[in-house]
Amino acid sequence: MQVRSLPVLQNWDCHSCGDCCRSYAVPVTADERRRIEGQGWEALPEFQGIPFFVRRGSEFYLNHRADGSCVFLGADNLCRIHGKFGSAAKPLACRIYPFLLVPAGDHWNLGLRLACPSAAENKGRALSEQLSDAREFAAFFESTTAKEKLAAPPPPLQGSQTVPWGDVARIAAAVSRLLANEAEPFERRWRKVLFVVSMLRKAKFDGGGDPKKVVTAGRLSELLHVLGEAAHDEEPKTAAEVPIPGWVGRTIFRQLAAVYARKDHGAEKGTAQRGPIGRIWSAVKFAAGRGRVPKLHAALPDSATFSATEVPLGSLGDNAVSLLSRWHRLKVESLQFCGSPNFGLGVWEGLESLALTFPAAMWLARVLVVDGRSPDAAVMQAVRMVDDNFGFNPLLGSTRQKFALRMLANRGELPRLIAWYGR
Ligand code: SF4
6 MQVRSLPVLQ
16 NWDCHSCGDC
26 CRSYAVPVTA
36 DERRRIEGQG
46 WEALPEFQGI
56 PFFVRRGSEF
66 YLNHRADGSC
76 VFLGADNLCR
86 IHGKFGSAAK
96 PLACRIYPFL
106 LVPAGDHWNL
116 GLRLACPSAA
126 ENKGRALSEQ
136 LSDAREFAAF
146 FESTTAKEKL
156 AAPPPPLQGS
166 QTVPWGDVAR
176 IAAAVSRLLA
186 NEAEPFERRW
196 RKVLFVVSML
206 RKAKFDGGGD
216 PKKVVTAGRL
226 SELLHVLGEA
236 AHDEEPKTAA
246 EVPIPGWVGR
256 TIFRQLAAVY
266 ARKDHGAEKG
276 TAQRGPIGRI
286 WSAVKFAAGR
296 GRVPKLHAAL
306 PDSATFSATE
316 VPLGSLGDNA
326 VSLLSRWHRL
336 KVESLQFCGS
346 PNFGLGVWEG
356 LESLALTFPA
366 AMWLARVLVV
376 DGRSPDAAVM
386 QAVRMVDDNF
396 GFNPLLGSTR
406 QKFALRMLAN
416 RGELPRLIAW
426 YGR
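Just so you know, the sequence shown maps onto residues 6 to 428 in the numbering used here.
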C-alpha cells in the first residue's frame, strides 16, 4: 500500500541522543534473536556474563544494563549493532522508531512519536522526504501481517455506527483545521473540537432509514463546516468564562495524569512506584491530591506539590503553542487517535481521549516548572512524557480508563479540564 505523509509540517532526523535506547523495552522476534546471536558479541569482554535478551512470558526483549541503557548502546551513544553491521541488522522496533505507520484503508499514514526529543523539537528533514524508509517498513508489515488485518474496516464513530474511510479522513481534516487556527488560544481550539464532537454524536449518519437523510461525503463536509462556525459562537471566548472542573472530575483526571507521568522501566524510571506498597501509596496520593507529587518519573522534581498544579502556568511562547498544535494535528491526521492504534476507541472517544492529553501535559508542565524550567521547556518535556504513553501504555486501554474517560465526558468535565489546565 502507498505510504502518505501528512499535511502538518513536521521534521525529524535521529540526532543520536540515545534516549530511546535508554527508555524502551524493545521486543525481538525469533529471527532477530538468531541474527544478533550470530553477530559474535559474546566474544567481547564487555558481554561476558551479560545476556543479550530477557524473557517476559513468551516474549523476548533486548536486555538493559544497570544504568537502564540497552546492552548494545556504546559509550559514544551509538548503537553497536548499527555501527558494525548497518541499520538493517537491528531489530525492526529500533529501526522504525519514532515513525508510526497507521493503516487507513488503502494506504498507510506516516505518523511520528513526539516522545523522541528530535521529533518534539522539530529537528531534521521534513517527514515528506523520508517516505522511502517508511515504504520499506510498510512493505515489511505487509509481508508479515495477515491480509484481513491490513484490510480492516474503518473504526466506528461510536458503537456500531460506521462511515467509509474517506469520511473518517474528512472528520480528521476538519478537526486538524480547528486545531491549526492560530487566531485562538490552544485550549479554545480543543473546546471547539469537543463542541463539534458533541453535536456529531447526535447525528444519524445512515439517515435513520430515510435514504434522503443519509450523510453523504458532500453533506458531511458542509456539516463539519457549519458546526465549526457554531462552535465559534457557542464556546466561551476565554478560559475564565468556563466553569471550573468539579471535585470528582479533578480526582478522576489526576488518576489519568498519574498514568501519563509514570515511567516503570529504563533510565527515566520513577522511584515512587517501587514495589506494590509504593504503587498503592502513589495511587492514594494522586486520589487525595494533597502534599507532594510522587516521583513517578525521573524527570519529576522532588519538591513539587499538588497545590502547584492548580496554579496557572501563564502564557506560553510561540514555540510551545506550535509544538502542541503540531503534536495533536499529527495524532489526528495520522488517525493514531482511534481504532487499533488507540486501543480500539471509536472516532469520537478517540478524539476525547486525545483532547485529555492536553490538560494532562499542562498539568505535568506545572509540576516540571517547580525545578526552575521555563514554562516552554516544561511543556516540551511534558509533551514527550505524555506522547510516550498515548496509544502505547496498556493501562490507557484498560476498561477502568475507558470508563473514566466516559465518566468525564458524560459529566461535561472535558472542556472544563481543558480550560482550567490550559490557563
Ligand atoms: S530518541 Fe530520537 S533522536 Fe534520540 S536516538 Fe532515539 S530516535 Fe534518535
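We treat Cβ as the ideally placed atom computed from N, Cα and C, and that holds for glycine.
| Query | Result |
| --- | --- |
| Please say whether Arg-421 and Pro-248 have beta carbons closer to each other than 7 Å? | yes |
| Just to confirm, are Ser-92 and Arg-85 a CB contact at a threshold of 7 Å? | no |
| If you check the beta carbons only, do Arg-334 and Leu-301 fall under 7 Å apart? | no |
| I need the residues with a C-beta less than 5 Å from some heavy atom of ligand 1; please give them in chain order. | Cys-19, His-20, Cys-22, Asp-24, Cys-25, Cys-121, Ser-123 |
| For Glu-64, does the three-state DSSP call read helix, strand or coil? | strand |
| Have a look at Lys-152, Arg-39, Thr-310 and flag the residue whose alpha-carbon is nearest the alpha-carbon of Ala-94. | Arg-39 |
| Among residues of its own chain, excluding the 5 on either side of Val-337, which ones have a beta-carbon nearer than 6 Å to its beta-carbon? | Ala-177, Val-180, Ser-181 |
| Are the CB atoms of Ala-98 and Pro-32 nearer to each other than 7 Å? | yes |
| Taking the alpha-carbon positions, what's the Ala-80 to Leu-49 distance? | 15 Å |
| Using a Cβ-Cβ cut-off of 6 Å (strictly less than) and excluding sequence neighbours within five positions of Lys-290, which residues of its own chain qualify? | Pro-299 |
| What number of angstroms, rounded off, separates the C-alpha of Ala-262 from the C-alpha of Glu-357? | 15 Å |
| Which class does Gly-116 belong to by DSSP, given the choice of helix, strand or coil? | strand |
| Using only CA atoms, which one of Phe-58, Ser-63, Phe-90 lies nearest to Cys-75? | Phe-58 |
| If we ignore side chains and look at the alpha-carbon of each, how far apart do Leu-225 and Gln-386 end up? | 37 Å |
| According to DSSP, simplified to helix, strand and coil, what is Ala-30? | coil |
| Spatial neighbours of His-20 within its chain, please: C-beta separation below 7 Å, excluding the five flanking residues on both sides. | Ser-123, Lys-128 |
| From the DSSP output, read off the bridge partner residues of Arg-297. | Thr-310 |
| Can you list, in chain order, the residues of its chain whose CB lies under 8 Å from that of Val-219, leaving out five sequence neighbours each side? | Phe-210, Asp-211, Gly-212 |
| Would you call the segment 103-118 in contact with the segment 131-146, where contact means no fewer than 3 C-beta pairs closer than 8 Å? | yes |
| Just to check my reading of the structure: Arg-255 and Asn-114 have Cβ atoms closer than 8 Å, yes? What is that Cβ distance to the nearest angstrom? | Not really, about 35 Å apart at Cβ, beyond 8 Å. |
| Quick one: what does DSSP say Asn-347 is sitting in, helix, strand or coil? | helix |
| Thinking just about the alpha-carbon of each residue, which of His-69, Glu-64, Ser-63 is nearest to the one in Ile-55? | His-69 |
| Is Leu-369 near Met-390, with beta carbons less than 7 Å apart? | yes |
| Inspect the beta-carbon positions of Val-202 and Trp-332 and report whether they are closer than 7 Å. | no |
| Does the segment 393-412 touch the segment 232-240, meaning 3 or more C-beta pairs lie closer than 8 Å? | no |
| Could you tell me which residues DSSP pairs with Leu-105 in its beta bridges? | Gly-116 |
| Please look up how many angstroms separate the CB atoms of Arg-175 and Leu-229, rounded, as I've assumed it's under 8 Å. | 7 Å |
| Just to confirm before moving on: does the CB-CB distance between Ala-313 and Val-384 stay below 7 Å? | no |
| First and last residue of the beta strand (DSSP E) that includes Val-8? | 7-9 |
| Could you have a look at Gln-386 and say whether DSSP puts it in helix, strand or coil? | helix |
| Using CA coordinates, which residue listed in Leu-401, Ala-309, Pro-306, Leu-361 is at the minimum distance from Leu-419? | Leu-361 |
| Between the Cα of Ala-156 and the Cα atoms of Leu-11, Arg-295, Val-372, His-112, which residue gives the shortest distance? | His-112 |
| Let me know the secondary structure DSSP gives Gln-278 once reduced to three states. | coil |
| Can you tell me whether Lys-154 is buried or exposed, with buried defined as 16 or more other CB within 10 angstroms of its CB? | exposed |
| Any idea if Glu-192 is buried or exposed, counting beta-carbon neighbours within 10 angstroms, 16 or more meaning buried? | buried |
| Taking the alpha carbon of Asp-4 as the point to measure from, which residue in Ala-143, Phe-146, Glu-227, Leu-350 has its own alpha carbon closest? | Since the first and last residues shown for the chain are 6 and 428, residue 4 lies out of range. |
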